[in-house]
Amino acid sequence: MKFKINNSKNKALWESIPCTCNKGVVMEEHPMKPCEFCRCEIAWKSVPQKEFTIKDRKGKNVSINEINLIRGKHEDVIGWQYGVKA
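According to my numbering, the sequence shown is numbered sequentially starting from 362.
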């Protein structure tokens, strides 16, 4: 079965926010300097992009092939969950 990400967008609002970092200067890059684009990008990169396995309470392996995204005001990812119907 193909991995499914519910509440996914082709292009989220945060992807239109310009990056304000000065790449190559550590003190002017996220997280030293607040950058909304970089914060949102890091959050998106934390979302699983392929099926993964967990152990249930009985110790049995369970494959997770569908997750639900929880989005913030810029349609950024503020969390994700599995096993809950959207």
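Beta carbons: idealized from backbone N, C-alpha and C, even for Gly.
For clarity, every value in this text was computed on a predicted model and none was experimentally measured.
Sub-9 angstroms separation of residue i and residue j beta-carbons
| i | j | result |
| --- | --- | --- |
| GLY444 | ILE431 | no |
| TRP375 | GLU397 | yes |
| ILE378 | GLN410 | no |
| GLU436 | ASN426 | no |
C-alpha gap between residue i and residue j, whole angstroms
| i | j | result |
| --- | --- | --- |
| TRP451 | SER424 | Here the chain has residues from 362 to 447 only, and residue 451 is not among them. |
| GLN442 | GLY385 | 35 angstroms |
| LYS421 | LYS434 | 37 angstroms |
| THR414 | MET362 | 14 angstroms |
| CYS399 | ASN368 | 21 angstroms |
| ALA373 | MET393 | 24 angstroms |
Where residue i falls, given that 16 or more other Cβ within 10 Å makes a residue buried
| i | result |
| --- | --- |
| ILE428 | buried |
| CYS401 | buried |
| ALA447 | The predicted model places ALA447 with a pLDDT of 47, which falls under 50 and marks its position as unreliable; any figure quoted below should be read in that light. Classification for ALA447: exposed. |
| VAL387 | exposed |
| VAL408 | exposed |
| ASP417 | exposed |
For residue i, the residue or residues it bridges with in DSSP
| i | result |
| --- | --- |
| ASP367 | First, the amino acid is wrong: residue 367 is Asn here, not Asp. Per DSSP, ASN429. |
| GLY385 | Paired residue(s): none; GLY385 is not in a bridge. |
Any chain D beta carbon closer than 9 angstroms to residue i
| i | result |
| --- | --- |
| HIS391 | Protein chains in the displayed structure number just one, and chain D is not present. |
Exercise. Of all the alpha helix (DSSP H) runs that stay within the bounds of the segment 391 to 434, which reach a length of 4 or more residues?
Worked result: 397 to 406
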